[in-house]
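*Asks:*
Number of protein chains: 2
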Amino acid sequence: MSAASRVKRLLPKADVKVFERSGFVSYAPCGIPYLLGGVVGSLDKLVHYSVDFFRERRGIDVHVHASVEDAGKDYVEVSEGGRSKRYDWDVLVLATGARPVVPPIPGVELEGVLTLRNLEDGAKAKEMLARAERVGVVGGGYIGLEVAENLVRLGKKVLMFEMLPHIMPTLDHDVAKRVERELVEYGVELHLSEKVVEFGGGERVSRVVTEKGSYDVDLVFMAVGVRPDTALAERLGLKLGETRAVWTDSRMRTSLENVYAVGDVAETVNLVTGKRDWIPLAPAANKMGFVAGSNIAGMDIEFPGVVGTAITKAFGLEIGRTGLSEAQAKRLDYDVVSVSISAKTRAGYYPEPKAIKVKLVAEAESGRLLGAQVVGYEGVLARINTVAALLPWGATVRDLFFADLAYAPPFAPVWDPLVVAARVLMKKLH
Amino acid sequence: MSAASRVKRLLPKADVKVFERSGFVSYAPCGIPYLLGGVVGSLDKLVHYSVDFFRERRGIDVHVHASVEDAGKDYVEVSEGGRSKRYDWDVLVLATGARPVVPPIPGVELEGVLTLRNLEDGAKAKEMLARAERVGVVGGGYIGLEVAENLVRLGKKVLMFEMLPHIMPTLDHDVAKRVERELVEYGVELHLSEKVVEFGGGERVSRVVTEKGSYDVDLVFMAVGVRPDTALAERLGLKLGETRAVWTDSRMRTSLENVYAVGDVAETVNLVTGKRDWIPLAPAANKMGFVAGSNIAGMDIEFPGVVGTAITKAFGLEIGRTGLSEAQAKRLDYDVVSVSISAKTRAGYYPEPKAIKVKLVAEAESGRLLGAQVVGYEGVLARINTVAALLPWGATVRDLFFADLAYAPPFAPVWDPLVVAARVLMKKLH
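Line order of the protein sequences matches chains H and D. So the first sequence is residues 1 to 430, counted in the numbering used here. So the second sequence is residues 431 to 860, counted in the numbering used here.
#1: Any C-beta of chain H within less than 8 Å: which residues of the region 683-711 of chain D qualify?
#2: Considering just the uninterrupted stretch of the beta strand (DSSP E) at T816/D, what are its terminal residues?
#3: Are the beta-carbon atoms belonging to A245/H and W278/H less than 8 Å from one another?
#4: So with CB distances below 7 Å, who are the chain D contacts of A4/H?
#5: I want to verify the contact list: residues of chain D whose CB lies under 8 Å from the CB of A347/H, in sequence order.
#6: Have a look at L92/H and I32/H and give me their C-alpha separation to the nearest angstrom.
#7: Strictly under 8 Å for the Cβ-Cβ distance: is I384/H near chain D by that measure?
#8: Could you give the DSSP three-state label for S452/D: helix, strand or coil?
#9: Who are the neighbours of V736/D on chain H, taking C-beta pairs under 7 Å?
#10: Of the choices G778/D, R751/D and E793/D, whose alpha-carbon is the least far from that of K760/D?
#11: Pull up the CB-CB distance for A412/H and G289/H, whole angstroms please, since I reckon it's below 8 Å.
#12: At a CB-CB cut-off below 8 Å, which residues of chain D make contact with L46/H?
#13: Going by CA-CA distance only, name the one from P106/H, I319/H, R346/H and G97/H that's closest to A282/H.
#14: Under a three-way DSSP split, which group does G136/H fall into?
#15: Between the region 629-641 of chain D and the region 830-842 of chain D, are three or more C-beta pairs nearer than 8 Å?
#16: Considering just the uninterrupted stretch of the alpha helix (DSSP H) at A722/D, what are its terminal residues?
#17: On a CA-only basis, which of K556/D, V532/D, V565/D and L581/D is nearest F745/D? Give me that one, please.
#18: Determine contact between the region 678-685 of chain D and the region 592-609 of chain D, defined as no fewer than three beta-carbon pairs at a distance below 8 Å.
#19: Counting only Cβ-Cβ distances shorter than 7 Å, please list the residues of the region 471-497 of chain D near chain H, keeping chain order.
#20: According to DSSP, is G693/D part of a helix, a strand, or is it coil?
#21: By DSSP, does Y334/H sit in helix, in strand, or in coil?
#22: Measure the C-alpha to C-alpha separation of T268/H and G144/H and round it to an integer number of angstroms.
#23: Check the Cβ of F411/H against every Cβ in chain D and list those closer than 9 Å, keeping chain order.
#24: Quick check: is the beta carbon of A851/D nearer than 8 Å to any beta carbon in chain H?
#25: Within 8 Å (strictly less), CB to CB, does V39/H reach chain D?
#26: At a cut of 8 Å, does the region 5-20 of chain H reach the region 50-64 of chain H through at least three beta carbon pairs?
#27: Please confirm whether M652/D and V577/D have their CB atoms less than 8 Å apart.
#28: Between which two residues does the alpha helix (DSSP H) holding D174/H run?
#29: Distance, Cα to Cα, Y87/H vs F161/H?
#30: Which of the three DSSP states is assigned to L110/H in this structure?
#31: Spell out the partners DSSP gives K85/H in its beta bridges.
#32: Using alpha carbons as the reference points, say which of L332/H, G200/H, R204/H and V306/H lies closest to G213/H.
#33: Check whether the region 535-543 of chain D and the region 620-629 of chain D touch, using three or more Cβ-Cβ pairs below 8 Å as the test.
#34: To the nearest angstrom, report how far apart E180/H and E326/H are at their CA atoms.
#35: Applying a beta-carbon distance threshold of less than 7 Å, which residues of chain H neighbour K717/D?
#36: DSSP three-state call for F841/D: helix, strand or coil?
So this is what it looks like as structure tokens:
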């Protein structure tokens, strides 16, 4: 919708059609976990703008419950209203997003083994939760974490299964451990290094079986990751990148003339590594749509890439990361130095200073910042965004130390936690 | 103390002496307003480390109640314990700070007309407040604002006098107006464009007289700004910069060999304008001490300069700024474009999104960001520090738009308020 809106704004006479498989456009999938927990009161609140709004106010010809089954160099085949229709195009924007990975575990097809992708999935899950007490969450990434928090909020018993030794694979082990403590404190039953091998039950799931044990459950959320939904791209013969997402250039063009790809289906560049990367998150997705729409309308704008910034919340704990983790950097053969410091979020004398932990990762030789991870009970957004802003510039640890960050007693100590971390890390560079 | 501690850490055998006029070192003057309001329970909480700590644990020879009356090229004359003593030095660090401006208004010498500089001033003010109901605050800058908030917290009637048409001279008029509304909502009686011409009363102040009227008060806080305390620097014959603070190079050296100046007495460079500037704030002051101490101990570190980042809070409202305001930029003859947008701090569907207002200032031709002002009920630190981090790199509005900022429903909308502002401002650049 970001691309469609942009084209229509710049070229009001363009005939812009949108085909959407589900019944909603312009909705917030990131809000689905909070819908489950009742933090968001109803499904319609997750819809930014209605289909009618786009049709009537923006002049975009939106087709919902319209599944694009095939596509060629100047047409799409759309299944809608029980019939198949063909539409011609001059320019095509592929925004098919990502789909949840469903590993071929025996029993995964049972009723009550759920994934969350669109609003309909959220509505169905919410309904099924009403009759569930013990809920399994398979996967300890962002979605698993947010679902777990919201299930605990509902009073459910949550069992989280992660086959790796720690949750949150984009965080380093030491930082992830801090998050795990928070989950356990709030009553989540955490099963680490425990691979799920089977879902048991009759028609409906009633058991999660792992390599180590068997656990009764009434419902299971699969949250083991997502993959770019490239089915249509492959039918079009689009080049996929090394990440298996659709290859795009900086203008969001694919390998096929007049075909753009944006959002979670599209590959981009990591500005820290300079390599191709696929980090499917909403802000970049929306900006890619803006860029594609602008270029389609005759402007010339480049999407520069991402650094991999993300934030979430697990109960009281805010969790942010940007750039490379230490483990990621080492896998990419960087010569890495890192530091973790514990600090407070306010001047010590100001009431209720909160604990915050900052981990910085840098290149040993040059001192260039590679990434940061921050967990704490407030102020994580400020610290993560500061580092995220610096990363594309090749800023060093020293640059961070000397960054002119805001200070007043209610907001930070005189030596901001980021600056303290940078100061300690500078020593390792000498 | 930052410089002294740094030298002593790197050169444990160095004979480091500190002379301090007041009875405290390593204290937090920024906390004094909160001491008045009772947010900080007692004066000792504003002392980070005691004199004994520095003497015994860090081996620094701290002299308190020791006023340096004169200095020459290898000595200082110190008045302490009722006597004058002479100490020789090889290296001298001048950290005399800033002093409150006391304009020559008739009656300004009356009892009950107060300034806040050190902890003793805070203690005295707190004592006098016990017998005051109506309190005048002259000056609507950071200190005036923080004092006003804390006086209202104590139940005092606060009258604020500002001779300019708006408070907060480092903010633009439109942004300052938002802050003024907050003050008025909380009961501050605001007198703008109203110059104080006299303080009336017998021994003790009982009246503020302005060009427009006369107001009964029991106490007055003067908070009309600060000046670098260069008395000693002038005795030493140090070069003052164009800002009238002590000229320093990037290593914090003054014009005289082996004499350094750091903190609020020292001039530095504004990284946005490239010009000399004097912006006396605590984080830069501490880092200057670190830099001077490092260089004295034989390292070679440069203090790059500041961009003028500051934050404060007035009642519920968080107020941040960095770089140049539109007014400042115009005074410096930049060809300026700017934008102000209103947004929310969380996804719209997430509970309790707060209002936030972002103003961006940029150079029209190049699109280079010159500054930002942000006011809102949460999340101001994150937005201000993001722009503060970008400013030294010559980042453009487009760079800000494409910054990979963190998003999750509890922390930000998908289009962060900063990104929305950048998007709108980009249009003015085409």
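From the three backbone atoms N, C-alpha and C, an ideal C-beta is built for every residue, glycine too.
*Replies:* The structure says:
#1: Under the 8 Å Cβ criterion, the region 683-711 of chain D contributes L701 and L711.
#2: Reading the second sequence from its first residue, position 386 is the one you call residue 816/D. It is not in any beta strand (DSSP E) - T816/D instead sits in the alpha helix (DSSP H) that spans V810 to L820.
#3: Here the question's residue 245/H lines up with position 245 in the first sequence. Here the question's residue 278/H lines up with position 278 in the first sequence. W278/H sits close to A245/H, with the two beta carbons spaced by under 8 Å.
#4: Counted from its first residue, the first sequence places residue 4/H at position 4. Residues of chain D with a Cβ closer than 7 Å to the Cβ of A4/H do not exist; the shortest Cβ-Cβ separation is about 16 Å.
#5: Counting from 1 along the first sequence, the entry for residue 347/H is found at position 347. Proximity of chain D to A347/H at the Cβ level (cut-off 8 Å) is accounted for by A458, C460 and G461, in chain order.
#6: Along the first sequence, one-based indexing puts residue 92/H at 92. Along the first sequence, one-based indexing puts residue 32/H at 32. About 29 Å.
#7: Taking the first residue of the first sequence as position 1, residue 384/H is located at position 384. Taking 8 Å as the CB threshold, I384/H lines the interface with chain D.
#8: Here the question's residue 452/D lines up with position 22 in the second sequence. Coil.
#9: Walking along the second sequence from the start, residue 736/D turns up at place 306. Those within 7 Å of V736/D in chain H are D404.
#10: Along the second sequence, one-based indexing puts residue 760/D at 330. Here the closest residue by C-alpha is E793/D.
#11: Working through the first sequence from its first residue, we reach residue 412/H at position 412. Working through the first sequence from its first residue, we reach residue 289/H at position 289. The Cβ separation is near 35 Å, so there is no contact.
#12: One-based indexing of the first sequence puts residue 46/H at position 46. The answer, in chain order, is Y779.
#13: Here residue 282/H refers to the residue found at position 282 of the first sequence. Comparing alpha-carbon positions, the option among P106/H, I319/H, R346/H and G97/H lying closest to A282/H turns out to be G97/H.
#14: In the first sequence, residue 136/H corresponds to position 136, counting from 1. Strand, per DSSP.
#15: Output reads no: the region 830-842 of chain D does not touch the region 629-641 of chain D.
#16: Stepping through the second sequence from its first residue, residue 722/D is reached at position 292. Going by DSSP, A722/D is part of the alpha helix (DSSP H) stretching over A712 to I726.
#17: Start at 1 with the first residue of the second sequence, and residue 745/D comes out as number 315. Of K556/D, V532/D, V565/D and L581/D, the smallest CA-CA separation from F745/D is found for L581/D.
#18: With fewer than three CB-CB distances shorter than 8 Å, the region 678-685 of chain D does not count as touching the region 592-609 of chain D.
#19: Hits within the stretch, in order: K475 and L476.
#20: Along the second sequence, read from residue 1 onward, the residue named residue 693/D stands at position 263. Look at G693/D here: in three-state DSSP terms it is helix.
#21: As a first step, residue 334/H must be located in the first sequence, where it is residue number 334. Note: Y334/H maps to coil in three-state DSSP.
#22: Taking the first residue of the first sequence as position 1, residue 268/H is located at position 268. Taking the first residue of the first sequence as position 1, residue 144/H is located at position 144. So the two alpha carbons sit approximately 25 Å from each other.
#23: Locating residue 411/H in the first sequence gives position 411, where the first residue counts as 1. Ordered by position in chain D, the residues that pass the 9 Å Cβ test against F411/H are I741, T742, K743, E748, G750, V810 and L811.
#24: Your numbering for residue 851/D matches position 421 in the second sequence. So, not an interface residue.
#25: Counting from one through the first sequence, the residue named residue 39/H turns up at place 39. By this cut-off, V39/H is an interface position.
#26: Under the 8 Å Cβ criterion, the region 5-20 of chain H counts as touching the region 50-64 of chain H, having at least three qualifying pairs.
#27: As a working mapping, residue 652/D is identified with position 222 in the second sequence. As a working mapping, residue 577/D is identified with position 147 in the second sequence. Not a contact, by the Cβ cut-off of 8 Å.
#28: The count along the first sequence starts at 1 and reaches residue 174/H at position 174. Per DSSP, the continuous alpha helix (DSSP H) segment holding D174/H begins and ends at H173 to E185.
#29: Start at 1 with the first residue of the first sequence, and residue 87/H comes out as number 87. Start at 1 with the first residue of the first sequence, and residue 161/H comes out as number 161. Distance between the alpha carbons of Y87/H and F161/H: 45 Å.
#30: Position 110 of the first sequence, counted from the start, is the residue given in the question as residue 110/H. Looking at L110/H - three-state DSSP - the assignment turns out to be coil, as it is neither helix nor strand.
#31: As a first step, residue 85/H is located in the first sequence; it is residue number 85 there, counting from the start. In the DSSP output, where bridge partners are listed per residue, K85/H has V78/H.
#32: Position 213 of the first sequence, counting from 1, holds the residue named residue 213/H. Nearest Cα to G213/H within the set L332/H, G200/H, R204/H and V306/H: G200/H.
#33: Counting C-beta pairs closer than 8 Å gives three or more between the region 535-543 of chain D and the region 620-629 of chain D, which meets the contact rule.
#34: Along the first sequence, read from residue 1 onward, the residue named residue 180/H stands at position 180. Along the first sequence, read from residue 1 onward, the residue named residue 326/H stands at position 326. Between E180/H and E326/H, the C-alpha separation is close to 18 Å.
#35: As a working note, residue 717/D is residue 287 in the second sequence. Neighbours of K717/D across chain H, judged by C-beta separation under 7 Å: F402.
#36: By 1-based counting over the second sequence, the position of residue 841/D is 411. Three-state DSSP puts F841/D in coil, outside helix and strand.
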